[in-house]
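Structure, as structure tokens:
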Amino acid sequence: MNRRRRTEILIQGNSDVAREFAESIIERYPYREIMSPRYGLTMIKMRETAKNSLFHLGEVLVTEAKVEIHQQIGIGIVIGMKDELAKHLAIIDSAYKANVEETNEWEERLLEEEQLIFKTKVKKQTELLKTRVQFETMDI
Numbered sequence: 057m058n059r060r061r062r063t064e065i066l067i068q069g070n071s072d073v074a075r076e077f078a079e080s081i082i083e084r085y086p087y088r089e090i091m092s093p094r095y096g097l098t099m100i101k102m103r104e105t106a107k108n109s110l111f112h113l114g115e116v117l118v119t120e121a122k123v124e125i126h127q128q129i130g131i132g133i134v135i136g137m138k139d140e141l142a143k144h145l146a147i148i149d150s151a152y153k154a155n156v157e158e159t160n161e162w163e164e165r166l167l168e169e170e171q172l173i174f175k176t177k178v179k180k181q182t183e184l185l186k187t188r189v190q191f192e193t194m195d196i
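This is the structure:
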């Protein structure tokens with residue numbers, strides 16, 4: 057599983073999963089906090105579809121943390137004021153980069169969480185579609 061997919065699952069899913077993963081690493085490996093969770097602003101880029109050009113939509117508040125395990129630096133960035141989640145993401149990222157053995161066991165749990173996220177999105181979408189108004193035009 058690639059880094060982007062893994063991070064999206066950890067952010068969108070239950071935050072307990074990220075906490076459990078990070079705690080299992082903290083218990084077994086020494087880590088160094090390079091940058092404690094801190095807030096910042098980052099620009100959101102969007103692609104304009106007609107001209108296929110990039111433009112800046114605006115700024116968003118993020119929380120960022122950096123952690124080192126076995127000389128491998130991990131970064132955790134999340135939208136909003138979520139100090140713990142940013143730190144947990146950084147620990148998990150660093151653990152994957154350091155290739156610690158616990159990461160091999162996480163794949164199945166991440167796939168299960170991804171399925172739960174998908175089911176939640178489908179349920180929410182069907183609820184929205186139930187309230188959709190059908191407009192019909194009349195030919196005169």
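My numbering puts the first residue of the sequence shown at 57, with every later residue one more than the last. Even glycine gets a Cβ: it sits at the ideal position worked out from N, Cα and C. This one's a predicted model, so the numbers in the text were calculated from it and none came from an experiment.
Local conformation of residue i per DSSP, three classes
i, result
"Gln128", "strand"
"Val73", "helix"
"Glu158", "coil"
"Glu192", "coil"
"Thr119", "strand"
Buried/exposed call for residue i, threshold 16 Cβ in 10 Å
i, result
"Ser43", "Because the chain spans 57 through 196 in this model, residue 43 falls outside it and cannot be assessed."
"Pro93", "buried"
"Phe111", "exposed"
"Phe174", "exposed"
"Lys143", "buried"
"Tyr87", "buried"
"Glu104", "exposed"
"Ile135", "exposed"
Proximal residues to residue i (C-beta, below 8 Å), its chain only, five neighbours per side dropped
i, result
"Gln171", "none"
Extent of the continuous alpha helix (DSSP H) run through residue i
i, result
"Arg61", "Arg59 to Gln68"
Residue interval of the beta strand (DSSP E) (run including residue i)
i, result
"Tyr95", "Arg88 to Glu104"
Nonlocal neighbours in the same chain, by C-beta distance under 7 Å from residue i, ignoring five residues either side
i, result
"Gly114", "Ile100"
"Met57", "Glu163 and Leu166"
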